[in-house]
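Structure first, then comments.
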Amino acid sequence: MEAQLELPTRNAHFSPRPSENGFPSFNSRLARHGLHPLRATGIDVFQINVGKLCNQTCRHCHVDAGPDRTERMTRQTAEDCIRALELTDAPTVDITGGAPELNENFRYLVDASKALGRHVMDRSNLTVLLLRSQSDLARFLADREVEIIASLPYFLAERTDAQRGAGVFDKSIQALKLLNRLGYGREPALRLNLVYNPTGAFLPGDQDALEREFKRELDRRYQIRFDRLFAITNLPISRFLDFLVETGNYEQYMERLVNAFNPAAARAVMCRNTLSVSWDGRLYDCDFNQMLDETVGFGAPTHIRDFSPELLENRRIVTGLHCYGCTAGAGSSCGGTTA
Amino acid sequence: MSHYYDDHDLSRFGDMGRNAPDLWEKFNDWYQATFQEGSLSGREKALIALGVAHALQCPYCIDAWSQECLEKGSNLDQMTEAVHVAAAIRGGAALVHGVQMRKRNAQLSM
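Protein sequence lines, in the order shown, are assigned to chains A and B.
Per the numbering used here, residue 875 is the first one in the first sequence, and the count goes up by one each step.
Per the numbering used here, residue 10 is the first one in the second sequence, and the count goes up by one each step.
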């Protein structure tokens, strides 16, 4: 039975069911490939989730973010983050949310990180750039050469709006045109990357092929240019998990993830070189563990106030069934495929 | 047997390797090589497979290749057009046999 699990891969035709008793634990699968226990290799990406406030309510959102959420990072915690960042050599600061730009300390975090010589990435939902209260935001980001990682699940309105809300696609196109006018996606220093994630209970296809398709279609239809497309797998947690369960797709989706386990992707999972800080300063191995309330474990400090590079750089990583989402096929991370 | 098609059976396709493993392996190798990117993209091949699945009316193949098309970035407009291509060829194939009918008619009739 075990041998069948490793039969040829990607195509659903060849995906045997994992077991009648449930899905094999992620750690057991790691152990079979000599990867257990999974440990961090350093902190290259210092990821800060400033809170759950967002001007959108996307159906797949693992943060469960929306306009009514009140969890927001305070100035004190933001300053604690910068003090901790200073203790590391992490070259990249990755700011996310919610819509991170709506946090009153977002611009402080950008400027303080840049002052420390770090590369800054903003995970933007695009439509935030069009809010009246954020009319200077795009220019602010461009002036500081902040890399923008923008969500756009498809190059047509129907599928984008089905996931992200009515009218979001048209606004996203407007925002992308604004960014292009400022030089994003056109000048080397102004990186504009798009995030593709499937608009349903299926996995992302080949990232390079999807990128070619998006580039061709966005240029042909809207004269929009961007740098890279990151294909990200939807992890079975939060709203996306609700969707899977409500539509009867959970079991089949998990089977796809489990059967597509790729040890090369497991070796390259993002949690090994990322530290994730939540709006209230707690520390996590990744943004997904953050949403599951699973702080770093095994003796590592769990709050930014107690930050210690020595105790976190080689920490053992907390894993769960959802981790199969990052190790399926070509792998998945906040920066796209990993294998 | 209460019914002939069960969507869970698709995941048991690998059982076909139990009694003729060499043939199964050859099929797997050929099948996987066929769907590698080549002169046609993987997305184009998946759309062809979807059309063929409809022409054959294989429910397993329709399930699998609908999903594969979505994963490869195709949209419902493109997938629907692929099904129309399959349907048109099937319809045309039936219709073109009308020529045979007409020839037979000519042969038999005064």
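Cβ coordinates follow ideal geometry from the N, Cα and C atoms, glycine included.
In this text, all values refer to a predicted model and were calculated from it rather than measured experimentally.
By the criterion of a C-beta distance shorter than 6 Å, Ala986(A) is surrounded in its chain by Ile956, once the five residues flanking it on both sides are discounted. Look at Ile1111(A) here: in three-state DSSP terms it is coil, with no helix or strand label. Contacts with chain A at 7 Å (Cβ-Cβ) do not include Gly107(B). Within chain B, the residues whose beta carbon sits less than 7 Å from that of Gly1074(A) are Leu79, listed in sequence order.
Residue burial is scored here from C-beta neighbours: Lys1045(A) has at least 16 other C-beta atoms within 10 angstroms and is therefore classed as buried. Nearest neighbour of Glu960(A) by Cα position, chosen from Arg1038(A), Phe920(A) and Asn977(A), turns out to be Phe920(A). About 15 Å separates the beta carbons of Phe1014(A) and Leu1066(A), which is beyond the 8 Å limit, so they are not a contact pair. Secondary structure in the region 959–1046 of chain A: the alpha helix (DSSP H) runs of 4 residues or longer, each lying completely within the stretch, are 980–989, 1011–1017 and 1031–1038 in chain order. Cβ neighbours of Thr1169(A) within its own chain (closer than 7 Å, five residues either side excluded): Arg1156, Leu1157, Tyr1158 and Thr1176. Bounds of any alpha helix (DSSP H) do not take in Thr1193(A), whose DSSP letter is neither H nor E.
For Ala1012(A), no CB of chain B lies under 7 Å from its own CB, so it is not counted at the interface with that chain.
If you draw a straight line from the Cα of Arg111(B) to the Cα of Gly101(B), it comes to about 16 Å. Residue-level contact check: Gly51(B) touches chain A, since one or more beta carbons of chain A fall below 7 Å from its beta carbon.
At the C-beta level, Pro974(A) and Val924(A) come within 7 Å of one another. Around Arg943(A), the same chain offers Lys926 and Leu927 as residues with beta carbons nearer than 6 Å, after the five sequence neighbours per side are excluded. Exclusion of the five residues before and after Gln1048(A) leaves Leu1004 as the residues of its chain whose Cβ lies within less than 8 Å of its Cβ.
At a cut-off of 7 Å, the C-beta of Gly82(B) has a neighbouring C-beta in chain A.
Contact of Gly1079(A) with chain B is assigned, a C-beta pair being separated by under 7 Å. Put simply, of Asn1133(A), Gly972(A) and Pro898(A) the residue whose alpha carbon is nearest the alpha carbon of Asp1161(A) is Gly972(A).
Look at the beta carbons and you see the region 1126–1134 of chain A not touching the region 947–955 of chain A: under three pairs across the two are nearer than 8 Å. Annotation: the continuous alpha helix (DSSP H) that includes Thr89(B) extends over Leu85 to Val105.
Looking at the DSSP output, Phe1100(A) sits in no beta bridge, so it has no partner there. Shown in chain order are the members of the region 1023–1053 of chain A whose Cβ falls below 8 Å from a Cβ of chain B: Tyr1028, Leu1030, Glu1032 and Arg1033. Taking a Cβ-Cβ threshold of 9 Å, the residues of chain B close to Ala1083(A) are Glu46, Ser50, Gly51, Arg52, Lys81 and Gly82, in chain order. In the three-state scheme derived from DSSP, where H, G and I count as helix and E and B as strand, Val1170(A) is classed as coil. From the beta-carbon of Ser11(B), no residue of chain A is found nearer than 9 Å; the closest lies around 20 Å away. Looking at the DSSP output, Tyr1158(A) sits in a beta bridge with Ser1150(A).
Secondary structure of Asn1067(A) (DSSP, three-state): strand.
DSSP, read as helix, strand or coil, puts Ile1106(A) in coil. Of all C-beta pairs linking the region 1086–1094 of chain A to the region 17–32 of chain B, fewer than three are shorter than 8 Å, placing the two stretches out of contact. In terms of beta-carbon proximity, Gln116(B) stays away from the interface with chain A, with every pair separated by 7 Å or more. By DSSP's assignment, Ser1207(A) forms a beta bridge with Gly1210(A).
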